[in-house]
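Keeping their order, the protein sequence lines are chains A and B. Counted the way full-length UniProt numbering counts, the first sequence spans residues 1 to 210. Counted the way full-length UniProt numbering counts, the second sequence spans residues 1 to 210. By construction, the Cβ of each residue, glycine as well, lies at the ideal position given by its N, Cα and C atoms. Report on the following structure.
Number of protein chains: 2
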Amino acid sequence: MARERRRPIVGQSSSSSSRIKSPAPFLSKTYDLLEEEEERGRREAIERGSWGQRVVSWTADGTGFVVWSPAEFSELMLPRYFKHNNFSSFIRQLNTYGFKKTASKRWEFQHEKFQKGCRHLLSEIHRKKCEPSAFPQYLKASEESNNSPSSTVEENNTTRLLLMQENKNLKKERMELQMQIAHFKTLELKLMECLSFYWDDHHNKVRRLC
Amino acid sequence: MARERRRPIVGQSSSSSSRIKSPAPFLSKTYDLLEEEEERGRREAIERGSWGQRVVSWTADGTGFVVWSPAEFSELMLPRYFKHNNFSSFIRQLNTYGFKKTASKRWEFQHEKFQKGCRHLLSEIHRKKCEPSAFPQYLKASEESNNSPSSTVEENNTTRLLLMQENKNLKKERMELQMQIAHFKTLELKLMECLSFYWDDHHNKVRRLC
DNA sequence: GGGAATATTCCC
DNA sequence: GGGAATATTCCC
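Here you go:
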């Protein structure tokens with residue numbers, strides 16, 4: 001049974017500044033799983049001299065992946081990374097995170113930010129629904145009609161409460177964005193320092209050559 | 001790995017009339033688990049003539065149950081019924097369904113509708129939050145205070161309009177912050193490119209000097 | 001594909 | 001204890 005914590009110990013506190021959010025466990029695990037299978041393929045190629053069948057692999061250009069054998073994938077690989085062995089649950093997660101099925105006759109999936117060799121992009125992938133600032137889904141329909149002249153006192157109260165919640169969410173979001181910006185500012189500073197070192201170095205060289 | 005469906009095949013359709021709702025899987029499983037342990041106790045009593053230690057059991061009067069050994073319970077029993085082996089997750093579920101801890105020095109829990117010999121009562125136990133017709137939990141508290149006798153319809157309307165304005169401002173601010181972030185991302189990319197140029201340059205020089 | 005209920009985890 | 005995010009299941 002998989003028992004690792006969802007996220008690493010460091011980089012946790014939501015109040016710490018200038019952190020990089022770790023990617024959703026689902027994404028890291030799916031990426032791990034592909035790397036593991038890649039590695040297995042490599043090992044077997046050396047041992048046996050043959051490439052062998054793979055259960056799942058990156059596409060040739062590394063912009064997507066294919067589950068070649070859903071049955072083996074579900075029975076053998078899923079339970080080692082997730083708390084289930086259902087292919088459909090895996091697919092449900094892919095959809096939640098915005099992956100697209102990109103071939104009609106194979107289980108091939110793609111996401112702009114999910115690419116071979118680009119683990120650092122994973123943290124830019126987010127769940128599709130429940131945007132922090134959005135109203136609860138089931139109330140959205142009623143919202144439009146609520147502000148009409150005919151709306152009752154209770155309807156107005158409902159709107160007011162929802163606005164308060166949306167407001168709170170927006171403030172939380174603002175805080176997160178501000179922290180991201182703080183992070184970028186630090187990064188920029190470091191890059192500029194680094195750059196100035198090489199800049200001096202480069203121009204000293206140019207001077208010597210004259 | 002537990003693989004049974006959450007609910008039996010029959011009694012499913014939410015549109016069929018005169019059906020008996022099956023209880024939440026968590027409740028059935030917890031009940032099963034207690035019956036299983038009861039049965040094991042009975043068998044061992046016959047085989048060995050002694051009652052033996054139990055990991056979990058109904059209380060003497062059957063109105064609650066006690067986890068005598070959380071460690072064994074978590075390692076040995078939980079994974080056979082649930083997709084985890086964490087005692088705290090089990091407790092979280094008990095709280096979700098409204099169970100109360102009824103002893104200070106033991107892990108003893110009770111729920112009015114969870115009693116020995118009364119499996120049919122399980123379907124009357126419901127999750128505490130997210131009643132379909134209710135407001136989100138987090139809004140309930142503020143609702144009461146806001147609907148106090150002293151607040152007039154006009155006051156509520158004023159509040160609502162102010163909230164809408166603040167809301168609009170927050171969204172504008174969000175947009176601006178997001179644009180700042182986009183700017184930083186571009187900048188970072190350019191700095192990295194630039195840096196990589198000087199990096200190569202620097203290392204070529206170092207090589208020539210050797 | 002995705003909405004929604006339930007389960008599991010993480011955090012206060 | 002419980003809010004909230006993520007995971008898993010079930011159903012349309």
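### chain A contact for methionine 192 of chain B (CB, 9 Å cutoff)
yes
### Message
Within 9 Å of any Cβ in chain B, is that where the Cβ of serine 133 of chain A sits?
### Response
Low confidence applies to serine 133 of chain A: its pLDDT is 47, below 50, so where it sits in the model is not reliable, and the reading given next is rough at best. Yes, because at least one Cβ of chain B sits closer than 9 Å to the Cβ of serine 133 of chain A.
### Message
In the DSSP assignment, the alpha helix (DSSP H) including phenylalanine 26 of chain B goes from what residue to what residue?
### Response
Residues 25 to 48.
### Task
Return the CA-CA distance between glutamine 165 of chain A and leucine 122 of chain A, expressed in angstroms with no decimal places.
Each residue's Cα considered, the two are about 29 Å apart.
### Query
Is the beta carbon of glutamine 110 of chain B less than 9 Å from the beta carbon of glycine 49 of chain B?
The answer is no: Cβ separation not under 9 Å.
### Task
Could you work out which residues of chain A lie near arginine 174 of chain B, taking near to mean beta carbons separated by less than 9 Å?
Ordered by position in chain A, the residues that pass the 9 Å Cβ test against arginine 174 of chain B are Ser133, Leu170, Glu173, Arg174 and Leu177.
### Task
Check whether the segment 66 to 80 of chain B touches the segment 62 to 78 of chain A, taking contact to mean three or more Cβ pairs, one atom from each stretch, closer than 8 Å.
no
### Task
Find the nearest neighbour of alanine 60 of chain A within the set A/Lys100, A/Glu108 and A/Asn86, judged by alpha-carbon distance.
A/Glu108
### Task
Could you tell me which of A/His203, A/Ser57 and A/Arg106 sits nearest to glycine 117 of chain A, measuring between CA atoms?
A/Ser57
### Task
Would you tell me roughly how many angstroms separate the C-alpha atoms of residue 217 of chain B and asparagine 156 of chain A, rounded to the nearest one?
The structure shown does not extend to residue 217 of chain B, since chain B is modelled only from 1 to 210, so the question has no answer here.
### For phenylalanine 99 of chain A and leucine 187 of chain A, the rounded distance between their alpha carbons
Roughly 30 Å separates the two Cα atoms.
### Task
Would you mind reading off the limits of the alpha helix (DSSP H) that contains glutamine 93 of chain B?
87 to 96
### Task
Quick one: measure Cβ to Cβ for isoleucine 125 of chain A and leucine 27 of chain A, integer angstroms, because I've assumed they're closer than 8 Å.
Right, the Cβ-Cβ distance comes to about 6 Å (below 8 Å), so this counts as a contact.
### Query
Count the other CB atoms within 10 Å of the CB of threonine 152 of chain B; is the residue buried (16 or more) or exposed (fewer)?
exposed
### Task
Could you confirm whether any beta carbon from chain B is found closer than 9 Å to the beta carbon of glutamine 122 of chain A?
A small correction: the amino acid at residue 122 of chain A is leucine; glutamine does not occupy that position in the sequence shown. No, because no Cβ of chain B sits closer than 9 Å to the Cβ of leucine 122 of chain A.
#### Entry: For leucine 163 of chain A and leucine 163 of chain B, believed in contact at Cβ under 8 Å, the rounded distance
Contact flag correct, Cβ pair sits at about 4 Å.
### Cβ separation of glycine 41 of chain B and glutamine 115 of chain B, assumed to be a contact under 8 Å, to the nearest whole Å
Wrong, their Cβ atoms sit about 18 Å apart, outside the cutoff.
### Task
Just the chain A side, please: which residues come within less than 8 Å of asparagine 156 of chain B by C-beta, in chain order?
Val153, Asn156, Asn157 and Arg160
#### Entry: Boundaries of the beta strand (DSSP E) in which valine 153 of chain B is found, first to last residue
Here valine 153 of chain B belongs to no beta strand (DSSP E); instead the alpha helix (DSSP H) covers 153 to 209.
#### Entry: Boundaries of the beta strand (DSSP E) in which glutamine 110 of chain B is found, first to last residue
It spans 107 to 110 - the beta strand (DSSP E) in which glutamine 110 of chain B sits, taken as one unbroken run.
### Query
Taking only beta-carbon atoms, is glutamine 180 of chain A less than 9 Å away from chain B?
yes
### Query
Helix or strand or just coil, what does DSSP make of phenylalanine 114 of chain A?
strand
### Query
Based on Cα-Cα distance, which residue from B/Ser196, B/Leu177, B/Thr158 and B/Tyr31 lies nearest to valine 66 of chain B?
B/Tyr31
### Query
tryptophan 68 of chain B: which of B/Phe87, B/Gln93 and B/Ala182 sits nearest, CA to CA?
B/Phe87
### Query
Using a beta-carbon distance below 9 Å, is glutamate 188 of chain A in contact with chain B?
yes
### Query
Since leucine 33 of chain B contacts tyrosine 81 of chain B with CB under 8 Å, what's their CB separation in whole angstroms?
5 Å
### Task
Please indicate yes or no: does the CB of proline 70 of chain A lie closer than 8 Å to some heavy atom of the ligand SAM?
Summarising the ligand content, the structure contains no ligands, and the ligand SAM is consequently not present.
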